[in-house]
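Inspection log for the structure reproduced underneath, given as structure tokens.
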Amino acid sequence: MVAVFNKELLSWYLITLKLKETVEAGKSHQSPTGASQLKLLQQNSTDPLNISIQDGSEKIEEETEKDEWVVSIKDRLEQARQDEDAGSWAKLCIYRIPKCLRNDDDNKAYVPQIVSLGPYHHDRKKLKDMNRHKWRSLHQVLKRTGHDIKLYLNSIKELEEKARSCYEGPINLTSNDFVEMMVLDGIFILELFRGVAGGFKLLGYARSDPVFAMRSFMHSIQRDMIMLENQLPLFILDRLWGLQVGDPDQKGFVAKLVLRFFDPLTPTDEPLRKSDMCKLESSMEYTNTTTFDPLTEHGGLHCIDVFRRHLLRTGPQPTPRIWIKRWSNTVRVADKRRQQLIHCVTELRESGIKFKKRKTDRFWDVKFKDGILRIPRLLIHDGTKSLFLNLIAFEQCQIDCSNDITSYVIFMDNLINSPEDVGYLHYCGIIEHWLGSDSEVADLFNRLCQEVVFDINDSYLSGLSEQVNRYYNHKWNTWRASLKHNYFNNPWAIISFFAAVILLLLTFAQTFYSVYGYYVPSK
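See below:
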């Protein structure tokens, strides 16, 4: 009994048998080629033996495919088990932007245009031109410190596994390539931080340097470096800085540099406080300083996390309304039907609510009292959209992160429905923008929080919004506002109103005395 494992081998076996029969029969004509014999055998497929052999081969092949399929599924389950046992999601903090938050118009706000940092955009050809400048920065550090490159490579090699776990999904880089990328990108970041804080000339760069001296170019680099997909873990930067100063375990100093470097992106026209700036500049020496570091005790994941903590310093403490949470579906998609925290500026003005600028550098610190909504000044420039989108994306992805930035943006989105709303806030000094028109600002806020998952009741502004809505729904406030708007909106209207009132009183008095004199004639 013959066991057949392959169709092709079976075909050649039958061809060989047929050739043998031809030779034995002593045929005088030339033996047919293998292809002709194969064709002849295929034509004789009605042979019962041939059919049975083919059926057996097909069954074996089908069983083989089924076994491979089962093995593939088992391999995937094994990989899932390893991921679960290793807790690979526990340290994840640098995310890819979810597809639900992306759209074609916002692509440039999430994808770097000049410099790539980390593995997500490492292979983009458009960004490879910056690599030569990264190598220049590394060369400058080695020349300035006198260190050997192996010191940095070996030290970061120890943190490779921890660094890989910070990124989402598998990183298709070898161990050497990954470590090289971490060292190269990390040194480049530190050189930019130190140059902006203390001056590039002190670091040995020429005044005409195309990257480390041009201020106009620096703004574009800052915008790329604040993107969520373009981050390096903060502990990598801490280690690289510690190696330069001789203390590998030093922490806190890089966080100070982050605040100084990204200060121009702060969405307010209040710069970093002079006292903080003096402390920062005084700590630029190579000594271990512990002053002016509010983030040390809390730590930090990466640059965007440090900057967000700085924006929300002594941030809002939401007091969610427990009874509403108990009876409502609190996790909702923030579409226009369900994210309405407050009415727009035009409608609130009709109910008598006034708007005033609040003097503080904390743009999120909104107050409401006695019918006056006090909002801090907000500066909007060409980098504001990218900043808010990446901060919102980080709050959406990081499981233990609050939604304070998202709450503020949605609050402003509720206030702004039209260019007229933007114009009035600008008139009050609340919004200052460098965009082309008020309609662009309105469109910016109306598009920032599309498809964002948002808990309305857990917003730190939910209590304030409730107070504003209660004031808005009071009819007397609306009537009083309407009277003021129609009759007291300018001095001439006020004079006309009082003249009409006096004329009405005189007419009433004249009528009264005429009627009184008729019924009670004088003696």
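Residue 1116 is where the sequence shown starts when you use the numbering used here, and the numbers rise one by one after that. Note that CB positions come from ideal geometry on N, CA and C, so glycine has one too. None of the values given here were measured: they were computed from a predicted structure.
- Boundaries of the alpha helix (DSSP H) harbouring isoleucine 1507: 1499–1512, taken from the DSSP string.
- DSSP, read as helix, strand or coil, puts glutamate 1283 in coil.
- In this structure, cysteine 1564 lies near valine 1524, with their beta-carbon atoms less than 8 Å apart.
- Note on glycine 1310: 16 or more other CB atoms within 10 angstroms of its CB, so buried under the neighbour-count rule.
- For leucine 1427, there is no enclosing beta strand (DSSP E), as DSSP marks it with neither H nor E.
- In the DSSP annotation of this structure, the continuous segment of the beta strand (DSSP E) that includes leucine 1493 starts and ends at 1493–1495.
- Judged by pairs of C-beta atoms under 8 Å, the region 1552–1567 touches the region 1495–1511, as three or more such pairs exist.
- For the pair serine 1580 and leucine 1494, the Cα-to-Cα distance works out to about 23 Å.
- In this structure, histidine 1236 lies near asparagine 1345, with their beta-carbon atoms less than 8 Å apart.
- With respect to the 8 Å criterion, leucine 1380 and serine 1577 are not classified as neighbours on the basis of their beta carbons.
- Between leucine 1358 and serine 1231, the C-beta gap is not smaller than 8 Å, which leaves the two residues out of contact.
- Glycine 1551 and arginine 1492 do not touch by the CB rule: their CB atoms are close to 20 Å apart, not below 8 Å.
- DSSP, reduced to helix, strand and coil, places phenylalanine 1303 within a helical segment of the structure shown.
- Below 8 Å, too few C-beta pairs join the region 1310–1321 and the region 1260–1278 to call them touching: fewer than three.
- If you check the CB distance, phenylalanine 1293 and lysine 1249 do not come in under 8 Å.
- Short of 7 Å from the beta carbon of cysteine 1281, and not among the five residues preceding or following it, lie these beta carbons of its own chain, in chain order: Lys1206, Leu1207, Cys1208, Ile1209 and Pro1348.
- Lysine 1223 sits in a helix when the DSSP states are folded into three classes.
- Straight across, the Cα-Cα distance linking alanine 1370 with valine 1421 is about 7 Å.
- The beta carbon of arginine 1489 sits closer than 6 Å to those of Lys1471, Arg1473 and Lys1482, all from its chain and outside the five residues before and after it, given in chain order.
- Residue burial annotation: aspartate 1244 is exposed, with fewer than 16 other C-beta atoms found within 10 angstroms of its C-beta.
- In terms of Cα proximity to glutamine 1365, the closest of Ile1514, Asn1218 and Phe1350 is Phe1350.
- Looking at the DSSP output, lysine 1482 shares a beta bridge with Arg1489.
- Look at the region 1303–1359 and you find these whole runs of alpha helix (DSSP H), each 4 residues long or longer: 1330–1340.
- For aspartate 1570, no alpha helix (DSSP H) run applies; the uninterrupted beta strand (DSSP E) run containing it begins and ends at 1568–1570, by DSSP.
- Where isoleucine 1531 is concerned, there is no enclosing alpha helix (DSSP H), because DSSP gives it neither an H nor an E.
- Here phenylalanine 1623 has no same chain residue with a Cβ atom under 6 Å from its own Cβ, once five neighbours each way along the sequence are excluded.
- With respect to the 8 Å criterion, glutamine 1337 and phenylalanine 1308 are not classified as neighbours on the basis of their beta carbons.
- Proline 1363 and leucine 1266 have their C-alpha atoms some 11 Å from each other.
- As the crow flies, the alpha-carbon of valine 1256 is around 43 Å from that of isoleucine 1546.
- Taking the Cβ atoms as the reference, leucine 1374 lies roughly 5 Å from histidine 1425, within the contact range of under 8 Å.
- DSSP places histidine 1589 in the coil class of the three-state scheme, outside both helix and strand.
- Distances from the CA of glycine 1301 to each of Pro1234, Glu1177 and Glu1510 were compared; the closest alpha carbon is that of Pro1234.
- Sequence-distant Cβ neighbours of threonine 1475 in its own chain, meaning closer than 6 Å and more than five residues away, are Pro1491.
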